[in-house]
Amino acid sequence: VSPDWHGWLHHTWDETPSEQPLSRKSWEKPHQENLTGTEAAYAPTGSIRKTNLQARSDYEAWRPE
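Counting along the sequence shown from 1, when you hit position 50 you're at 50 in my numbering, and nothing is skipped either side.
Rendered as structure tokens:
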């Protein structure tokens with residue numbers, strides 16, 4: 001569903017975007033679909049999803065005595 005329909009689906013507007021199209025603001029970014037579960041999904045530094053993981057030299061595993 002296009003983001004234009006959000007207001008109508010949640011009963012914020014009475015008219016559908018087909019009847020009364022939304023005005024676009026100059027500062028609005030184009031809509032980007034949810035990328036979760038795709039190769040383009042965000043993965044922060046250190047994530048196991050990163051392909052080029054490097055060993056951390058500042059890390060030493062704790063060993064109980």
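Where is the CB? At the ideal position from N, CA and C, for every residue including glycine.
Please say whether residue j and residue i have beta carbons closer to each other than 8 angstroms?
i: residue 50; j: residue 41; result: no
i: residue 17; j: residue 5; result: yes
Using only the alpha-carbon positions, how far apart do residue i and residue j sit?
i: residue 24; j: residue 30; result: 10 angstroms
i: residue 21; j: residue 58; result: 56 angstroms
i: residue 34; j: residue 62; result: 39 angstroms
i: residue 45; j: residue 37; result: 17 angstroms
i: residue 56; j: residue 65; result: 23 angstroms
Residues in its own chain within less than 6 angstroms of residue i by CB, not counting five upstream and five downstream?
i: residue 3; result: 31
i: residue 13; result: 7
Suppose the cutoff is 8 angstroms on Cβ atoms and the five residues either side in sequence are ignored; what does the same chain contact list for residue i look like?
i: residue 1; result: 9
Whole runs of the beta strand (DSSP E) within the segment 34–63, excluding any shorter than 3 residues: Whole beta strand (DSSP E) segments, 3+ residues: zero.
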